[in-house]
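Undergrad: This is the structure, below, for whatever I ask next.
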Amino acid sequence: MDFEEIGKILGNLMTTSTSEQSIYAHLHIERVRRSGIPSSSYLHSTPTENLERWILFFPMGICLSVRVKAESSPTRTGENSKFERTSGSDVSNSSSKFLSVSVPPTPRSEDEILQASNLKNFNFADLKIATRNFRPDSVLGEGGFGSVFKGWIDENSFAAAKAGTGMVIAVKRLHQESFQGHREWLAEVNYLGQFSHPHLVKLVGYCLEDEHRLLVYEFMPRGSLENHLFRRGSYFQPLSWSLRLKVALGAAKGLAFLHNAETKVIYRDLKTSNILLDSNYNAKLSDFGLAKDGPTGDKSHVSTRVMGTYGYAAPEYLATGHLTARSDVYSYGVVLLEMISGRRAIDKNKPSGEHKLVEWAKPYLANKRKLFRVLDNRLEGQYSMDVAHRVATLALRCICIEPKLRPTMDEIVKELEQLQDLKNVENISSKMSNRQRQRRRSTGDAIDKNAVAAYPRPSASPL
Numbered sequence: 001m002d003f004e005e006i007g008k009i010l011g012n013l014m015t016t017s018t019s020e021q022s023i024y025a026h027l028h029i030e031r032v033r034r035s036g037i038p039s040s041s042y043l044h045s046t047p048t049e050n051l052e053r054w055i056l057f058f059p060m061g062i063c064l065s066v067r068v069k070a071e072s073s074p075t076r077t078g079e080n081s082k083f084e085r086t087s088g089s090d091v092s093n094s095s096s097k098f099l100s101v102s103v104p105p106t107p108r109s110e111d112e113i114l115q116a117s118n119l120k121n122f123n124f125a126d127l128k129i130a131t132r133n134f135r136p137d138s139v140l141g142e143g144g145f146g147s148v149f150k151g152w153i154d155e156n157s158f159a160a161a162k163a164g165t166g167m168v169i170a171v172k173r174l175h176q177e178s179f180q181g182h183r184e185w186l187a188e189v190n191y192l193g194q195f196s197h198p199h200l201v202k203l204v205g206y207c208l209e210d211e212h213r214l215l216v217y218e219f220m221p222r223g224s225l226e227n228h229l230f231r232r233g234s235y236f237q238p239l240s241w242s243l244r245l246k247v248a249l250g251a252a253k254g255l256a257f258l259h260n261a262e263t264k265v266i267y268r269d270l271k272t273s274n275i276l277l278d279s280n281y282n283a284k285l286s287d288f289g290l291a292k293d294g295p296t297g298d299k300s301h302v303s304t305r306v307m308g309t310y311g312y313a314a315p316e317y318l319a320t321g322h323l324t325a326r327s328d329v330y331s332y333g334v335v336l337l338e339m340i341s342g343r344r345a346i347d348k349n350k351p352s353g354e355h356k357l358v359e360w361a362k363p364y365l366a367n368k369r370k371l372f373r374v375l376d377n378r379l380e381g382q383y384s385m386d387v388a389h390r391v392a393t394l395a396l397r398c399i400c401i402e403p404k405l406r407p408t409m410d411e412i413v414k415e416l417e418q419l420q421d422l423k424n425v426e427n428i429s430s431k432m433s434n435r436q437r438q439r440r441r442s443t444g445d446a447i448d449k450n451a452v453a454a455y456p457r458p459s460a461s462p463l
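Numbering-wise (UniProt numbering), the sequence shown opens with residue 1 and increments by one.
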C-alpha cells in the first residue's frame, strides 16, 4: 500500500461522524490493549484523540481496517451501532481490502439465488403498487441496508392488492448506495428461502430487477422486541415477565434450529431489533444479512470479517475474527440480560459506570441478594426470586468470557422450558391459594354472621 492509498483512507476516516469516531476509537483501544502498548497512552484520551492515535499507529500495522455505520432506525437512540472490521488474517492476505469499501455493489443476476421453489419472484411494479408507491407513512422501520414498508397483496395470486385488503406484507427495499448491500440481500434470500421454522420470520419472496433489490416478508403485527422493551408510550406497554420468558424461549428455539441445521448456520447479529413478534407474541428471528455457514469437518471456527452490532458481539470474535456458534450464545445472553433488566446493551444516557450493560450487571447476576438491582422494576411482583435467579444465572453463563463454558442453544432451550413449566406451576398454585383464601374468607364471614345471630352483642346500657 503506498502513501496515496493511506491518504485516501485517512481522509475517509477524518470525515466520519462523532459517533463513528468514538467506535473507531473504541476498537483502536481494544487492539492497542492487546498489543501490549502501555495503557497510559490511551486510557484517558477523548474519542477524537483516540482517533488521532489510531491514525498514528496505522502505518505500524497495529490496527485493523474498520467500517462503522450507525443504524438509522427512528426507534433507536444511537447507542448500538453496526460495524464491520476486517480480521487480522484478512489484512495479512491482501491490503487492497482497505479500499474495497468504497466500491459500490455491481449488478447481479438470479443465478446466485439458490433454487427455492417456495419463494415468489415479484416484479418491482407490483411491489410499488402494494406499498402505495413506497409512501413515507407506510414505513415500518429503517436499518443499515434499507427501509421496510407495509404493503398488501392478494393471498392467492400474490398480485398487489388495495390497502387494507388481502394479505399484509413487509417489504424491505435495499438502499441502492448501501455498502455491500447485495451480499447481505443475497444471504437473506438464500438462508430464509431454504429454511422454514416457527421461530424464523417467513420470507414470501424477493425482487431482483435492474438496480432494485427487495425482500417480501410476512407481516409481524407486534413489531420488534426492542420497541416493547425500550419505547415508551400507550401503544408499547411493558412486556410482562411471563411474556418475556415466552419471547426468550422462542428466540432460543430459532437459534437452536440454525445451529442444528445440516449445514450449521451462525446468525451473527442477534439483538432485540431483530427479534420480531407476531400477534400472539411468538418470537421470530429476522434479518439474515450477516448469517454465515458454520465450521465444517474438524474446524473449530470460521475466520471472517468482524461484523455485527456493537454491544452484542462476543469479545473473542471482536478480538480474532473467529466465529463459532458460541458467538451467537454470547449475543443471546446480552439480549436475555436486556429482557430481565429493561436496559439497553449500550446506553450512554446512564450514569458513568453503567453505560455497558454486561460490565455493570455481571457482579449482581450471581448474587441472589443483589439481583434486584438488575431486574426491571416494572416487573415487580410478577416473578419469584428463585425463577429470576435462574434466568439471571443463565444469562451470566451465556456471557462468560470463555466461549467453551457457555451453554449450547439446546441447553438454553431446555432450561427455559423448565422455567416456563415452573412458572405455570406457580401460576396454578397461586390461583389455588387465592381460591383457598377466598373460601376461608367466605366461611369466616358465614361463621361471623351465625355467631352474631346466635349470640347477639348486648346493647349498650345507658350510664
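C-beta: ideal position from N, C-alpha, C; glycine also.
All of these numbers come straight from a predicted model, not from anything done at the bench.
(1) Who pairs with Y312 in a beta bridge, going by DSSP?
(2) Going along the chain, which unbroken runs of the beta strand (DSSP E) with 3 or more residues stay wholly within the region 295-362?
(3) Can at least three beta-carbon pairs, one atom from the region 242-259 and one from the region 269-279, be found at a separation below 8 Å?
(4) Suppose the cutoff is 8 Å on Cβ atoms and the five residues either side in sequence are ignored; what does the same chain contact list for E129 look like?
(5) In chain order, what are the residue ranges of uninterrupted beta strand (DSSP E) at least 3 long that sit wholly in the region 183-235?
(6) What's the gap between the Cα of N377 and the Cα of K370?
(7) Measuring straight from C-alpha to C-alpha, what distance separates residue 465 and V334?
(8) Near R373, which residues of its chain fall below 8 Å by C-beta distance, leaving aside the five closest residues on each side in sequence?
(9) What residue from S352, V329, D347 and V387 has the CA that sits closest to R397's CA?
(10) Quickly, what does DSSP pair S240 with across the bridge? List them, please.
(11) Would you give the residue range spanned by the beta strand (DSSP E) that K172 belongs to?
(12) Can you tell me the Cα-Cα spacing of V201 and L419, whole angstroms?
(13) With a cut-off of 8 Å, do at least 3 Cβ pairs link the region 137-151 to the region 237-246?
(14) To which residues of the same chain is N121 closer than 7 Å at the C-beta, ignoring the five residues directly before and after it?
(15) Please tell me whether H355 and L323 are closer than 8 Å, where the distance is taken between their beta carbons.
(16) Since V189 contacts L215 with CB under 8 Å, what's their CB separation in whole angstroms?
(17) Between the alpha carbons of L290 and A388, how many angstroms are there, rounded?
(18) Let me know the secondary structure DSSP gives F134 once reduced to three states.
TA: Reading off the structure:
(1) To locate residue 312, count along the sequence shown from 1; it is residue 312. DSSP lists no partner for Y312.
(2) Restricting attention to beta strand (DSSP E) runs no shorter than 3 residues, the region 295-362 encloses them at 306-309, ordered along the chain.
(3) At 8 Å Cβ cutoff, the stretches touch.
(4) For the purposes of this step, residue 129 is identified with residue 129 of the sequence shown, where counting begins at 1. For clarity, residue 129 is Ile in the given sequence; the question names Glu instead. So the qualifying residues of the chain are A160.
(5) For the region 183-235, whole beta strand (DSSP E) runs of length 3 or above, ordered along the chain, are 203-209 and 212-218.
(6) Indexing the sequence shown from 1 puts residue 377 at position 377. Indexing the sequence shown from 1 puts residue 370 at position 370. So the two alpha carbons sit approximately 14 Å from each other.
(7) Outside the shown range of the chain (1 to 463) lies residue 465, about which nothing can therefore be said.
(8) If you number the sequence shown from 1, residue 373 lands on position 373. Once the five neighbours on either side are set aside, the close Cβ partners of R373 are Y364.
(9) In the sequence shown, the residue the question calls residue 397 occupies position 397. Of all alpha-carbon atoms in S352, V329, D347 and V387, the one lying nearest the alpha-carbon of R397 is that of V329.
(10) One-based indexing of the sequence shown puts residue 240 at position 240. DSSP lists no beta-bridge partner residue for S240.
(11) Taking the sequence shown and counting its residues from 1, one reaches residue 172 at position 172. That run of the beta strand (DSSP E) goes M167 to L174.
(12) Here the question's residue 201 lines up with position 201 in the sequence shown. Here the question's residue 419 lines up with position 419 in the sequence shown. If you draw a straight line from the Cα of V201 to the Cα of L419, it comes to about 25 Å.
(13) Touching, no.
(14) Indexing the sequence shown from 1 puts residue 121 at position 121. Taken in chain order, the residues that qualify are G205 and Y206.
(15) Translated into positions along the sequence shown, residue 355 becomes position 355. Translated into positions along the sequence shown, residue 323 becomes position 323. With contacts defined by Cβ atoms closer than 8 Å, H355 and L323 do not form a contacting pair.
(16) Along the sequence shown, read from residue 1 onward, the residue named residue 189 stands at position 189. Along the sequence shown, read from residue 1 onward, the residue named residue 215 stands at position 215. About 7 Å separates the Cβ atoms of V189 and L215, confirming a contact at the 8 Å cut-off.
(17) Numbered from its first residue, the sequence shown carries residue 290 at position 290. Numbered from its first residue, the sequence shown carries residue 388 at position 388. Approximately 32 Å between the Cα atoms of the pair.
(18) Along the sequence shown, read from residue 1 onward, the residue named residue 134 stands at position 134. If DSSP states are grouped into helix, strand and coil, F134 belongs with coil.
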